[in-house]
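Enquirer: For the sequence shown, the residue numbers in full-length UniProt numbering are 1 to 514. Think of the CB as a built atom: it goes at the ideal place given N, C-alpha and C, for glycine as much as any other residue. A single structure is presented below for examination.
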Amino acid sequence: MELEYVLAVSAAFAGLIWRAMSLAVLGIIVVTLHIVLYRLTLHPLAKVPGPKWAAISNFWYARQIAKGKMAQLGLEMHRKYGDIVRVGPNEVWFNTTEAFDQIYCTGKGFEKSDFYYLLSERNMKRYRLQRRLIGRVYSAANVAKYEDALTAALERIVQRLNELEGKEIDLKEWMHIITVECLGATVLSWSPGLLRDGTDWGTLSHSFQGWRRKCLFGVFPTMKKMEQLSPSLGRAFASLWAVTYRPPPTFKPFFPGVVKNIVRRLTASLKPGTPKDNRVDLLNDLIQLRNDRPEFNEVYLRKMAVTNFGAGHETVASTLTASVAMIASHNNVQKQVFLEQRTAEADGALVYASSNRFTYTKAAIREAMRLYPVVPMSLPRKTPSTGLHVNGLSVPPNTTVGCSAIALHRKEDIFGASPDLYDPGRWLCAETVDETAAATSASVRMMDKYSLSWGGGSRSCPGRNLAELLVLKVIATLFRRFEVEVAIPPDADKEAYFLLVLSGVKVKFLPRSG
1 MELEYVLAVS AAFAGLIWRA MSLAVLGIIV VTLHIVLYRL TLHPLAKVPG
51 PKWAAISNFW YARQIAKGKM AQLGLEMHRK YGDIVRVGPN EVWFNTTEAF
101 DQIYCTGKGF EKSDFYYLLS ERNMKRYRLQ RRLIGRVYSA ANVAKYEDAL
151 TAALERIVQR LNELEGKEID LKEWMHIITV ECLGATVLSW SPGLLRDGTD
201 WGTLSHSFQG WRRKCLFGVF PTMKKMEQLS PSLGRAFASL WAVTYRPPPT
251 FKPFFPGVVK NIVRRLTASL KPGTPKDNRV DLLNDLIQLR NDRPEFNEVY
301 LRKMAVTNFG AGHETVASTL TASVAMIASH NNVQKQVFLE QRTAEADGAL
351 VYASSNRFTY TKAAIREAMR LYPVVPMSLP RKTPSTGLHV NGLSVPPNTT
401 VGCSAIALHR KEDIFGASPD LYDPGRWLCA ETVDETAAAT SASVRMMDKY
451 SLSWGGGSRS CPGRNLAELL VLKVIATLFR RFEVEVAIPP DADKEAYFLL
501 VLSGVKVKFL PRSG
């Protein structure tokens, strides 16, 4: 009797559990269907064209990231769906000048989106303070004094390339080696040793692959916050999306050396009686800024000093890789760049900082950056409390919006005819240059305005002047001292995440005579 009673109670209890579970599953299904139907039919963005899976969930966008499709995704989406595309339940990409003017222009109230939770300072008050304080250090006039250090570094680089005797090497790796050597010279008066070793020990590939994980967590910022509470949860999420990356056994990071140098010099600068440091480099200027302006505290100083390498080594290497690949693969362009440098050298005018010369070389670099922007994906912003009203669309507040550089840079009404082709002439004004010019001053101003090569609006790259000097001087030196041959595979830009670096390009630096 007792056994029958126990069995009956157990069966009844199991039935209750089963019914509860069934109701819970049914509830989840009903809620999910409700969300799906709402996002597809009643959501304020429901009528915006785009992939239906993207409208339903951020998983569609995350999948594109995991597959490394960020180099061409914006171009594909806008060519398929038009100038306005919905790429997430609460995210829209625009490919119009009207939208660009509102999203990226100063004072419109568009803050960086949650995607940047991992990447940068999102508090505008702190950001404006930092930018205001460091303005004088990163000004073109101040950056010019680093050119001598850059010249010395480039002499070492040329000597090292000469030792290769025209051997075929990987362009991406060597542009990274050159970048790190130049940053070491201008920021810390120090060489990290990559040039001596003839390898970057896998550091750029490590950074590049690391962006897979960062971008994925940028789509799901809540997961990043949860990972801070439970690292194992973050690792599990990354493994689920197959965005983990294990560096090769030969991997040797140079960042510990960077941090060690910064900490040693900062510590020395705080000791009473320490002799004045007369090195002409950026770290010394940042230390002096801290001494002059107490609000530029040691935390800001360390962050800025490290950021010059953290952000600079990837972005400058990307720009140099694209520039060398494009110039060297167009014989007429390579010849023009060489002739411009040789003429300047004959005039004794090989000073690049604050120079109005080298218009063709600058145009060749700008054109490479247009076709292969460092950040090809959308630079996302959050709409303010007033929302966004543009191109006939009303976007509600707190919606993620942005423009994709890879798509915007190929609009014919902005960048002229044949925007898919590499043509430095589109940046040259006919009244100031020769017959290769294809632009007017007005069209060049328009291209500059709508270029996302250096970021968008008030949140553009603070180190632009230093980066421009470095890129110009490196490109000018390489093509003045070498005839450059490249072999570019058809899928060189196939894989990209937040960062685009042409991969698989092989290069030969053949010393010029005389």
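Helix, strand or coil for T383? Go by DSSP, reduced to three states.
Expert: Correct three-state label for T383: coil.
Enquirer: Nearest to C461 by CA position, among Y138, I35, N90 and Y81, is which residue?
Expert: Residue Y138 is the option with its Cα nearest to C461.
Enquirer: Spatial neighbours of residue 517 within its chain, please: C-beta separation below 6 Å, excluding the five flanking residues on both sides.
Expert: The question about residue 517 has no answer, for the chain in this structure spans 1 to 514.
Enquirer: Along the beta strand (DSSP E) that carries E168, what are the first and last residues, could you check?
Expert: Counting along the chain, E168 falls outside any beta strand (DSSP E), and DSSP gives it neither H nor E.
Enquirer: Report yes if the CB atom of Y497 is closer than 8 Å to the CB atom of G68, and no otherwise.
Expert: Yes.
Enquirer: If we call anything under 8 Å between Cβ atoms a contact, is L500 one with D493?
Expert: Yes.
Enquirer: Applying the 10 Å Cβ sphere with the 16-neighbour rule, what's the burial state of F338?
Expert: Under this definition F338 is a buried residue.
Enquirer: Under 8 Å Cβ to Cβ from A242, same chain only, skipping five residues before and after it: list those, please.
Expert: A66.
Enquirer: Could you check if T32 is buried or exposed, using at least 16 other CB atoms within 10 Å of its CB as the buried criterion?
Expert: Exposed is the call here.
Enquirer: Can the beta-carbon of L75 be found closer than 8 Å to that of V324?
Expert: No; because the gap between Cβ atoms is not below 8 Å, this pair is not in contact.
Enquirer: Report the partner residues of T400 according to the DSSP bridge assignment.
Expert: Per DSSP, E91 and K382.
Enquirer: Answer with buried or exposed for Y372, where buried requires no fewer than 16 other C-beta atoms within 10 angstroms of its C-beta.
Expert: So Y372 counts as buried.
Enquirer: Are there 16 or more other CB atoms within 10 angstroms of the CB of Y38, so buried, or fewer, so exposed?
Expert: Per the 10 Å Cβ criterion, exposed.
Enquirer: May I ask you to report which of helix, strand or coil DSSP gives F358?
Expert: F358: coil per DSSP, three-state reduction.
Enquirer: Can you find the residues in the same chain that come closer than 7 Å, C-beta to C-beta, to S503, ignoring five residues on each side of it along the sequence?
Expert: Excluding positions up to five away in sequence, the list reads K172, A492 and E495.
Enquirer: Taking only the alpha-carbon atoms, compute the straight-line gap between R512 and R480 and give it to the nearest angstrom.
Expert: Those two C-alpha atoms are separated by around 8 Å.
Enquirer: Is L119 helix, strand or coil by DSSP?
Expert: Because L119 sits at a pLDDT of 45, beneath the cut-off of 50, its placement in the model cannot be relied upon, and the following sentence gives the value as read from the coordinates. Of the three classes helix, strand and coil, the one that applies to L119 here is coil, per DSSP.
Enquirer: Any heavy atom of the ligand SAH inside 7 Å of the beta-carbon of P396?
Expert: Looking for the ligand SAH in the displayed structure turns up nothing, as the structure carries no ligands at all.
Enquirer: Return helix, strand or coil for H389, following the three-state DSSP convention.
Expert: Looking at H389 - three-state DSSP - the assignment turns out to be strand.
Enquirer: Kindly confirm or deny that the region 174-191 and the region 149-158 touch, where touching means at least three C-beta pairs closer than 8 Å.
Expert: Yes: the two stretches touch, three or more of their Cβ pairs being nearer than 8 Å.
Enquirer: Apart from the five residues on each side of it in sequence, which residues of its chain come closer than 7 Å, Cβ to Cβ, to E227?
Expert: So the list reads L233 and G234, once near-sequence residues are dropped.
Enquirer: I need the DSSP call for V501, collapsed to helix, strand or coil.
Expert: Three-state result, V501: coil.
Enquirer: What is the DSSP secondary structure of S453, counted as helix, strand or coil?
Expert: Looking at S453 - three-state DSSP - the assignment turns out to be strand.
Enquirer: Roughly how many angstroms lie between the CA atoms of E431 and V306, to the nearest whole one?
Expert: Its pLDDT being 47, under 50, E431 is placed unreliably by the model, and the measurement read from it follows with that caveat. When rounded, the distance between both Cα atoms is 43 Å.
Enquirer: Just the Cα atoms here: how many angstroms apart are A141 and L283?
Expert: C-alpha separation (whole angstroms): 16 Å.
Enquirer: Short check: CB of W93 to CB of S404, under 8 Å?
Expert: Result yes, Cβ atoms of W93 and S404 sit closer than 8 Å.
Enquirer: How close, in whole Å, do the beta carbons of P49 and V85 come, if the pair is a contact with beta carbons under 8 Å?
Expert: About 6 Å separates the two Cβ atoms, so the contact holds.
Enquirer: Since L296 is in the beta strand (DSSP E), which residue starts that stretch and which ends it?
Expert: One point to set straight first is that residue 296 is Phe, not Leu, in the sequence displayed. Looking at the DSSP string, F296 is not in any beta strand (DSSP E), and its letter there is neither H nor E.
Enquirer: What does the alpha-carbon distance come out to for the pair F309 and V258?
Expert: Near 8 Å, if we compare the C-alpha coordinates of V258 and F309.
Enquirer: Report the CB separation of I134 from M304 in whole angstroms; it is logged as a contact under 8 Å.
Expert: Yes, they are in contact, since the Cβ atoms of I134 and M304 sit about 6 Å apart, within 8 Å.
Enquirer: Short check: CB of R213 to CB of A238, under 8 Å?
Expert: Going by C-beta atoms, R213 is nearer than 8 Å to A238.
Enquirer: Would you tell me roughly how many angstroms separate the C-alpha atoms of H78 and L379, rounded to the nearest one?
Expert: Cα to Cα, the separation comes out at about 15 Å.
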